[in-house]
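Note sheet for the following structure.
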């Protein structure tokens with residue numbers, strides 16, 4: 002059985018359970034119920050970083066001029082996820098990073114964020130595939146047709162500013178250029194998406210690619 006380590010909000014448990022019930026031989030291990038002081042170490046063949054609250058200022062690589070731009074931080078989750086990313090990178094464990102996770106991956110690699118952007122958190126954007134994407138022609142690795150989506154369900158108030166080391170942009174918002182998809186170069190599989198593939202079966206090919214990488218991973222790493 003392949004283990005995927007993650008930290009899930011209670012509201013995300015059902016959507017991700019529905020996604021992963023389609024895959025035999027893999028199971029999610031949620032660090033959140035285990036947390037209570039020390040960071041738990043979970044044997045992991047893959048790391049799933051999901052959506053949630055903003056990254057606490059102490060973990061960012063930049064000054065925070067207005068504390069109101071950091072909404073409902075969860076330092077315990079930050080501590081676990083940043084340590085998990087560090088271990089996953091060192092162990093070359095596959096990573097799929099979604100929404101907040103996409104930002105965590107960027108910051109963990111030394112990048113920065115736009116801490117408050119307008120026009121990206123309208124209620125209808127949360128569930129509807131309304132935001133147009135533009136795929137970058139000179140991406141370091143060609144984006145497979147199966148994971149190219151003309152419109153996505155992206156809802157957020159922060160976004161990537163300066164790219165973390167080794168990251169390559171694969172897709173941007175078609176209108177304003179906001180970074181919506183990144184990939185880590187020279188890693189077996191490390192993909193970050195600003196949108197929410199767990200909310201629509203349309204995005205199944207993203208999870209197919211991640212699970213395939215997890216099953217191919219021969220080295221279990223504690224994260």
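Residue numbers (this note's numbering): 2 to 224. A virtual CB, placed ideally from N, CA and C, is assigned to each residue, including glycine. Here the structure is a predicted model, which means the values were calculated and not measured.
Residue i versus residue j - alpha carbon distance
i, j, result
"residue 5", "residue 65", "33 Å"
"residue 89", "residue 119", "33 Å"
"residue 26", "residue 3", "6 Å"
"residue 95", "residue 112", "20 Å"
"residue 205", "residue 58", "33 Å"
"residue 16", "residue 200", "7 Å"
"residue 265", "residue 60", "Coverage of the chain is limited to positions 2 through 224, which leaves residue 265 absent and any answer about it impossible."
"residue 86", "residue 8", "12 Å"
"residue 131", "residue 216", "33 Å"
"residue 19", "residue 13", "10 Å"
"residue 84", "residue 75", "14 Å"
"residue 32", "residue 183", "25 Å"
"residue 186", "residue 29", "25 Å"
Cutoff 7 Å; reference residue i; Cβ partners in own chain excluding five residues on either side
i, result
"residue 136", "144, 149, 171 and 172"
"residue 92", "220 and 222"
Residues bridged to residue i (per DSSP)
i, result
"residue 28", "4"
"residue 135", "173"
"residue 182", "172 and 194"
"residue 141", "Answer is none; residue 141 lacks a bridge partner."
"residue 98", "50 and 193"
"residue 114", "161"
Beta-carbon contacts of residue i that lie in its chain and below 6 Å, excluding the five residues immediately before and after
i, result
"residue 295", "The question about residue 295 has no answer here: the residues shown for the chain are numbered 2 through 224."
"residue 70", "116 and 117"
"residue 133", "152 and 175"
"residue 102", "50 and 51"
Cβ separation of residue i and residue j, assumed to be a contact under 8 Å, to the nearest whole Å
i, j, result
"residue 56", "residue 194", "17 Å between Cβ atoms; not a contact."
"residue 155", "residue 181", "6 Å"
"residue 218", "residue 46", "5 Å"
"residue 54", "residue 82", "Residue 54 to residue 82, Cβ: 11 Å. No contact."
"residue 43", "residue 224", "6 Å"
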